[in-house]
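*Asks:* Numbering of the sequence shown is given in our numbering, commencing with residue 6 and proceeding in unit increments. Heads up, the beta-carbon is just placed ideally off N, CA and C, and yes, glycines get one too. Please find one structure pasted underneath; my questions will follow.
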Amino acid sequence: MENLDQIYNELIMEHSMNSYNKKKLQDADYQEIGHNPNCGDEITLEVKMKDNIIEDMAFYGHGCAISQSSTSIMIDTLKGKTIEEAKKIIETFIKMIKRETTDEKELEKLEEAIAFKNVSNMPARVKCALLAWHTIEDILNKNEQTGKGNISCCN
6 MENLDQIYNE LIMEHSMNSY NKKKLQDADY QEIGHNPNCG DEITLEVKMK
56 DNIIEDMAFY GHGCAISQSS TSIMIDTLKG KTIEEAKKII ETFIKMIKRE
106 TTDEKELEKL EEAIAFKNVS NMPARVKCAL LAWHTIEDIL NKNEQTGKGN
156 ISCCN
(Lines of atoms letter the chains of each structure in order from A and count residues from 1; the text may use other names and numbers.)
(Lines give C-alpha, C1' and ligand atoms only; values in the text may rest on other atoms or scores of the structure.)
Protein backbone atom coordinates (compact mmCIF):
# COMPACT_ATOMS: atom_id res chain seq x y z
CA MET A 1 0.00 0.00 0.00
CA GLU A 2 2.87 2.37 0.72
CA ASN A 3 3.99 2.13 -2.91
CA LEU A 4 0.48 3.09 -4.04
CA ASP A 5 0.50 6.08 -1.68
CA GLN A 6 3.81 7.17 -3.21
CA ILE A 7 2.35 6.93 -6.73
CA TYR A 8 -0.67 8.97 -5.60
CA ASN A 9 1.58 11.61 -4.03
CA GLU A 10 3.61 11.87 -7.24
CA LEU A 11 0.39 12.21 -9.27
CA ILE A 12 -0.86 15.01 -6.98
CA MET A 13 2.45 16.87 -7.19
CA GLU A 14 2.64 16.48 -10.97
CA HIS A 15 -0.83 17.98 -11.46
CA SER A 16 -0.07 20.71 -8.94
CA MET A 17 3.09 21.90 -10.66
CA ASN A 18 2.46 21.16 -14.34
CA SER A 19 -1.25 21.19 -14.98
CA TYR A 20 -2.11 21.40 -18.65
CA ASN A 21 -5.71 22.09 -17.48
CA LYS A 22 -4.69 25.45 -15.98
CA LYS A 23 -5.62 27.93 -18.70
CA LYS A 24 -8.45 30.10 -19.99
CA LEU A 25 -11.12 28.26 -21.95
CA GLN A 26 -12.30 29.80 -25.19
CA ASP A 27 -16.08 30.12 -25.53
CA ALA A 28 -16.94 28.71 -22.09
CA ASP A 29 -20.64 28.18 -21.41
CA TYR A 30 -20.19 28.45 -17.65
CA GLN A 31 -17.73 30.16 -15.37
CA GLU A 32 -17.82 29.84 -11.59
CA ILE A 33 -15.44 31.04 -8.89
CA GLY A 34 -14.68 28.69 -6.04
CA HIS A 35 -13.16 30.24 -2.93
CA ASN A 36 -11.99 28.75 0.35
CA PRO A 37 -11.84 31.60 2.89
CA ASN A 38 -10.03 29.38 5.42
CA CYS A 39 -6.84 29.19 3.41
CA GLY A 40 -7.29 31.63 0.52
CA ASP A 41 -7.48 29.03 -2.26
CA GLU A 42 -9.40 30.43 -5.21
CA ILE A 43 -10.15 28.92 -8.58
CA THR A 44 -12.18 30.00 -11.58
CA LEU A 45 -13.63 26.95 -13.27
CA GLU A 46 -14.77 27.20 -16.88
CA VAL A 47 -16.93 24.61 -18.59
CA LYS A 48 -18.02 24.03 -22.17
CA MET A 49 -21.12 21.85 -22.60
CA LYS A 50 -22.60 20.25 -25.67
CA ASP A 51 -25.64 17.99 -25.80
CA ASN A 52 -25.59 17.28 -22.05
CA ILE A 53 -21.90 16.33 -22.19
CA ILE A 54 -19.03 18.13 -20.51
CA GLU A 55 -17.10 18.87 -23.67
CA ASP A 56 -14.20 20.78 -22.14
CA MET A 57 -13.07 22.30 -18.85
CA ALA A 58 -10.22 24.48 -17.65
CA PHE A 59 -9.31 26.50 -14.57
CA TYR A 60 -7.08 29.26 -13.33
CA GLY A 61 -6.40 30.69 -9.91
CA HIS A 62 -4.13 30.01 -6.99
CA GLY A 63 -3.93 27.78 -3.98
CA CYS A 64 -2.18 24.91 -2.30
CA ALA A 65 -0.99 21.76 -4.08
CA ILE A 66 -4.07 19.84 -2.97
CA SER A 67 -6.61 22.34 -4.34
CA GLN A 68 -4.76 22.87 -7.61
CA SER A 69 -4.13 19.19 -8.32
CA SER A 70 -7.64 18.17 -7.23
CA THR A 71 -9.05 20.66 -9.75
CA SER A 72 -6.81 19.41 -12.56
CA ILE A 73 -7.51 15.74 -11.87
CA MET A 74 -11.23 16.46 -11.57
CA ILE A 75 -11.14 18.00 -15.05
CA ASP A 76 -9.42 14.91 -16.48
CA THR A 77 -11.97 12.68 -14.73
CA LEU A 78 -15.13 14.54 -15.79
CA LYS A 79 -14.26 15.71 -19.31
CA GLY A 80 -16.32 13.82 -21.88
CA LYS A 81 -18.83 12.56 -19.32
CA THR A 82 -22.56 13.19 -19.43
CA ILE A 83 -23.97 15.43 -16.73
CA GLU A 84 -25.54 12.40 -15.01
CA GLU A 85 -22.25 10.46 -15.05
CA ALA A 86 -20.42 13.52 -13.73
CA LYS A 87 -22.90 13.99 -10.89
CA LYS A 88 -22.43 10.38 -9.76
CA ILE A 89 -18.64 10.74 -9.84
CA ILE A 90 -18.81 14.04 -7.91
CA GLU A 91 -21.06 12.45 -5.30
CA THR A 92 -18.68 9.50 -4.92
CA PHE A 93 -15.64 11.79 -4.59
CA ILE A 94 -17.33 13.88 -1.88
CA LYS A 95 -18.40 10.72 -0.03
CA MET A 96 -14.84 9.37 -0.23
CA ILE A 97 -13.32 12.57 1.19
CA LYS A 98 -15.92 12.69 3.96
CA ARG A 99 -15.33 8.98 4.73
CA GLU A 100 -18.93 8.13 3.90
CA THR A 101 -17.92 5.35 1.49
CA THR A 102 -15.04 2.91 1.25
CA ASP A 103 -16.64 0.66 -1.38
CA GLU A 104 -13.73 -0.12 -3.70
CA LYS A 105 -16.04 -0.89 -6.64
CA GLU A 106 -17.72 2.51 -6.27
CA LEU A 107 -14.37 4.29 -5.85
CA GLU A 108 -13.03 2.79 -9.10
CA LYS A 109 -15.15 5.22 -11.13
CA LEU A 110 -13.08 8.08 -9.68
CA GLU A 111 -10.14 7.03 -11.86
CA GLU A 112 -7.08 9.12 -10.84
CA ALA A 113 -9.14 11.15 -8.36
CA ILE A 114 -8.87 8.21 -5.96
CA ALA A 115 -5.40 9.62 -5.26
CA PHE A 116 -7.09 11.97 -2.78
CA LYS A 117 -8.47 9.14 -0.64
CA ASN A 118 -6.02 9.82 2.21
CA VAL A 119 -6.94 13.52 2.36
CA SER A 120 -9.81 12.41 4.59
CA ASN A 121 -7.13 11.81 7.25
CA MET A 122 -6.10 15.49 7.10
CA PRO A 123 -9.13 17.58 8.20
CA ALA A 124 -7.39 20.87 7.33
CA ARG A 125 -7.05 19.73 3.69
CA VAL A 126 -10.56 18.35 3.11
CA LYS A 127 -11.94 21.72 1.94
CA CYS A 128 -8.92 22.16 -0.34
CA ALA A 129 -9.62 18.84 -2.07
CA LEU A 130 -13.36 19.55 -2.33
CA LEU A 131 -13.16 23.13 -3.64
CA ALA A 132 -13.31 22.30 -7.37
CA TRP A 133 -15.80 19.48 -6.86
CA HIS A 134 -18.28 21.77 -5.10
CA THR A 135 -17.69 24.40 -7.79
CA ILE A 136 -18.53 22.01 -10.65
CA GLU A 137 -21.53 20.82 -8.65
CA ASP A 138 -22.78 24.44 -8.56
CA ILE A 139 -22.27 24.75 -12.32
CA LEU A 140 -24.17 21.54 -13.06
CA ASN A 141 -27.01 22.58 -10.76
CA LYS A 142 -27.28 25.94 -12.55
CA ASN A 143 -27.30 24.11 -15.89
CA GLU A 144 -30.14 21.91 -14.62
CA GLN A 145 -32.14 24.89 -13.37
CA THR A 146 -31.89 26.73 -16.68
CA GLY A 147 -32.84 23.60 -18.60
CA LYS A 148 -30.30 24.50 -21.24
CA GLY A 149 -27.23 22.59 -22.26
CA ASN A 150 -25.62 25.69 -23.66
CA ILE A 151 -26.04 29.11 -22.12
CA SER A 152 -23.57 31.89 -22.32
CA CYS A 153 -22.30 33.43 -19.13
CA CYS A 154 -18.93 34.60 -20.14
CA ASN A 155 -19.20 36.90 -23.13
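Please report the distance separating the alpha-carbon of Ser-125 from that of Asn-26.
*Replies:* 24 Å
*Asks:* With 16 other CB atoms within 10 Å as the buried threshold, where does Lys-122 fall?
*Replies:* buried
*Asks:* Here's the rule: buried if 16 or more other CB atoms are within 10 angstroms of the residue's CB, otherwise exposed. What is Ile-38?
*Replies:* exposed
*Asks:* Assign Gln-11 to one of three DSSP states: helix, strand, or coil.
*Replies:* helix
*Asks:* With burial defined as no fewer than 16 other Cβ atoms inside 10 Å of the residue's Cβ, what is the status of Asp-46: buried or exposed?
*Replies:* buried
*Asks:* Identify the continuous beta strand (DSSP E) that holds Gln-36 and give its terminal residues.
*Replies:* First-last of the beta strand (DSSP E) with Gln-36: 35-40.
*Asks:* Please report the distance separating the alpha-carbon of Asp-61 from that of Met-127.
*Replies:* 31 Å
*Asks:* Are the beta-carbon atoms belonging to Glu-117 and Thr-82 less than 8 Å from one another?
*Replies:* Their beta carbons are under 8 Å apart, which means Glu-117 touches Thr-82 by this criterion.
*Asks:* Go ahead and label Gly-85 buried or exposed: buried means 16 or more other beta carbons lie within 10 angstroms of its beta carbon, across all protein chains shown.
*Replies:* Its Cβ having fewer than 16 others within 10 Å, Gly-85 is exposed.
*Asks:* Just the Cα atoms here: how many angstroms apart are Val-131 and Ile-99?
*Replies:* 10 Å
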